[in-house]
Structure formats: C-alpha cells, structure tokens
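Numbering (this note's numbering), first residue to last: -9 to 384.
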C-alpha cells in the first residue's frame, strides 16, 4: 500500500474517496428500498452509526489488504475479483465488530446486506469509469517516459541507448539488487512489486529491457504490463565482451580465481553448460546461428578466435585470457578458430539442446537475418537493433 501512496498519492486517495461515496450511496439506496417495502420503525437515524462503522472498516480494509493496488490495471476479471474481495472482508469485519460490541440487535441485517450488494456493483462500475476518465485527462509529455530493466553491468550504456532514441528514463529496475537508491540521478526500484506500482501509478509510457534475454523478465512484471496494455521493447546488442571478475592472490603460486554471477554478469537463465577440450591448433568449429539461444563464452586456457557475422558485418573477438568473456545474443552466425593446441572453450547457454533451434545453412541464416532482425538504431559506427519482445517469443 505504501508504494501506491508513494507513486500515486492523489490518484490513490481519489479512488478511496470514490469507494466511500459508493458506500454511502449504497446505504441510502438500500435503506430507502427496505423502508419503502415494509412498514417498520427503522429509519435513517437508526442506521447512521452503522454507516460510520462501515466507512471506518472500508478504509481499514483498503489499507490493510491493499485492495486498490491493481485498480489502475485494465484486466476486468481481476477487477471483479478485487472488488469482491474488498466487499467480503468489509462484510466479515463489520459482522465481527457488531457481534463483539453487542450492537447487532440495533441495526437491520437486510439493509447492510443490500448495501454491500449495491456497493459491489457501484465500485465495479465506478472504478472502471474513473480509471477511464483519468486516462483521458492525462496530458502526455513531449518526451515519452520509460522504465529501463537491465543489470548493473549494462545499466550505464542502457541509459545512454534510451537517451539516443529520445526517451526520458525515469526509473530503473536491476535484476540483481545492488542496494543503490539511484544511478545517474535516476531512482532504482527495489523489487518487481515496486516496479508494478510505478508502471501503474506513474503511468510510464514505455518499458524497455536492455541486454537481457526475454526469459529474465519476471512473470509478475510481465503480467502487470499486460494488464496495463504495455508491451516490452527489447533494446539490446548483438554481442558484448565483458571482463570476468578475477581475484589474484598476493603469492603467485596460488594462482587466480575468476567467477561469474547470475543476474549480474549472466543476463539469461542458464539451462546448459558445456566445454570443448582436447583440441588441435587451427581447428575450426561452429558454423551456425541460434534463433533463441543466448550464450556466454570464455576460454580458461589457450587462445580462441570467435568470428561473428550478423548478416551485414563480420567481427573477430579473441578469447585469450580467463578473465575475458563474450556474451552472444540470438541471430549471430559464429565460427570458432583454435589458435593454440589444447585451448578450452566453455559455454553457458540459455536453452536446452534443440536441433531445430539451430541455423546451420548460411544462406538460410542470411534470409532469417533480413526477415527477423530489424536494425533501427545507430550509435557511432555500430548498428544496433530494437524489436518487440513478443516477436522474439514467437
């Protein structure tokens, strides 16, 4: 609840006020209907204290059970469920309150039941109408606002990329929490629940992920964006050479220790690990591309050239030390050349082995590259791509 108030205080309180208005109107409607249908002495004054109790309980339930946390999302079934959940808790707590205070005999149960039925209908319709009004009244900024999801290793270049395409990066979400409140003056969300609140209550225009495989997007965040009718834009790179963290002992005889960390150094889930050993110099391997598989390559011993082809340009990256890694995104044709006998190539892959996921014919790769890889952004001499995450999944 505190995140909703933090990022959308006025909107949150407006929905709370709307719920209270619906509750009061429901009580007047139910009382008028009940008194008009029967000859009884029960009147508005007798019901006044019950209305006050219902209002207090309504506010308490809203804060205690966060029943407004999803109110700005456009999923009708979820809204119906959340409204029913809100009414259920209010009804149960009111019953317990009146029973424990022994004031139940002084009110009409039929009026309360009717009031909550009317209230349920009113808040379902009222919340939907008010959400529509707020969306229509919102003045869109000149520069679209964006939330960037990435890792701390790629956050700086991710911010620069979005600035290049004229986006105002207002919030960041890092896969691995590094306990920083802001980076380059941009606030950092601590978890996916906070990100969902930001998207809902701050009305972010775009959600971008940079340098990540689509599988790293948490389901909770994916669903929140879907309910807000927002799609993910995948703004990434073809490959990146990274420095693998290496710790060297003061005494050289103890060697060095290198390590990689998930969600920080490896921007994809690891489903397969393999390594190639017992090789001769001038060995050529590879000659394929992947449709979905992301990989991280490193050479703990020896020297290996990785020749990369994106369908337009060719680049050679030399893995010649254990502290050097190469991240490859899908859609790159690669060839590995062993420059030293006995060199070892280690690979961390995001997918299980699937022969149909490979592209082994170069002509088919060129056709695939032209069809599915849209080059839309240039930075200096390097061409970079931007595409919808739904296209990647499909």
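C-beta atoms are modelled at their ideal positions from N, C-alpha and C, and glycine is treated no differently. Please read these numbers as outputs of a predicted model, since none were measured by experiment.
Presumed contact (8 Å Cβ cut-off) between residue i and residue j, rounded CB distance
i	j	result
residue 191	residue -6	6 Å
residue 124	residue 145	Their Cβ separation, rounded to whole angstroms, is 31 Å, which puts residue 124 and residue 145 out of contact at 8 Å.
residue 317	residue 238	Actually they are not in contact, since the Cβ atoms of residue 317 and residue 238 sit about 23 Å apart, beyond 8 Å.
residue 226	residue 319	6 Å
residue 196	residue 134	6 Å
Cα-Cα separation, residue i to residue j
i	j	result
residue 136	residue 49	33 Å
residue 216	residue 185	14 Å
residue 8	residue 151	41 Å
residue 289	residue 338	12 Å
residue 214	residue 25	45 Å
residue 20	residue 102	8 Å
residue -4	residue 5	15 Å
residue 366	residue 154	Because residue 366 carries a pLDDT of 38, less than 50, the predicted location of this residue cannot be relied on, and the following value inherits that uncertainty. Cα-Cα distance, rounded: 12 Å.
residue 372	residue 303	Low confidence applies here, because residue 372 scores a pLDDT of 34, under 50, leaving its location unreliable; read the following figure in that light. Approximately 10 Å, taken between the alpha carbons.
residue 89	residue 82	11 Å
residue 84	residue 127	36 Å
residue -1	residue 22	35 Å
residue 3	residue 149	33 Å
residue 54	residue 63	20 Å
Contact check, residue i vs residue j, beta carbons under 8 Å
i	j	result
residue 17	residue 100	no
residue 287	residue 296	yes
residue 223	residue 198	yes
residue 355	residue 328	no
residue 315	residue 194	no
residue 210	residue 182	yes
residue 205	residue 340	yes
residue 12	residue 132	no
residue 293	residue 333	yes
residue 160	residue 173	no
residue 14	residue 51	no
residue 87	residue 35	no
residue 143	residue 232	yes
Extent of the continuous alpha helix (DSSP H) to which residue i belongs
i	result
residue 88	66 to 90
residue 272	From DSSP, residue 272 is part of no alpha helix (DSSP H); its letter is neither H nor E.
residue 214	209 to 217
residue 145	145 to 154
residue 107	99 to 127
residue 38	34 to 55
residue 345	Premise fails: residue 345 is in no alpha helix (DSSP H) and is neither H nor E.
residue 178	Segment 176 to 179 is the beta strand (DSSP E) holding residue 178; no alpha helix (DSSP H) there.
residue 325	No alpha helix (DSSP H) contains residue 325, which is instead part of the beta strand (DSSP E) from 323 to 328.
residue 188	182 to 191
Start and end residues, beta strand (DSSP E) containing residue i
i	result
residue 249	246 to 249
residue 289	285 to 291
residue 315	314 to 318
residue 159	158 to 164
residue 222	222 to 226
residue 300	Unbroken run through residue 300: none, as it is neither H nor E.
Residue of the options minimising C-alpha distance to residue i
i	options	result
residue 321	357, 279 and 291	279
residue 166	251, 126, 42 and 46	251
residue 141	342, 207 and 183	207
residue 72	58, 270 and 90	58
residue 268	282, 291 and 261	291
residue 220	351, 44, 82 and 65	65
residue 326	271, 301, 357 and 343	271
residue 201	47, 228 and 349	228
residue 60	78, 10 and 118	118
residue 56	85, 276 and 79	79
residue 281	361, 67 and 38	361
residue 75	148, 45, 63 and 113	113
Contact test: residue i Cβ vs the ligand COA heavy atom, cutoff 7 Å
i	result
residue 233	Among the ligands in the structure shown, none appear at all, so the ligand COA cannot be discussed.
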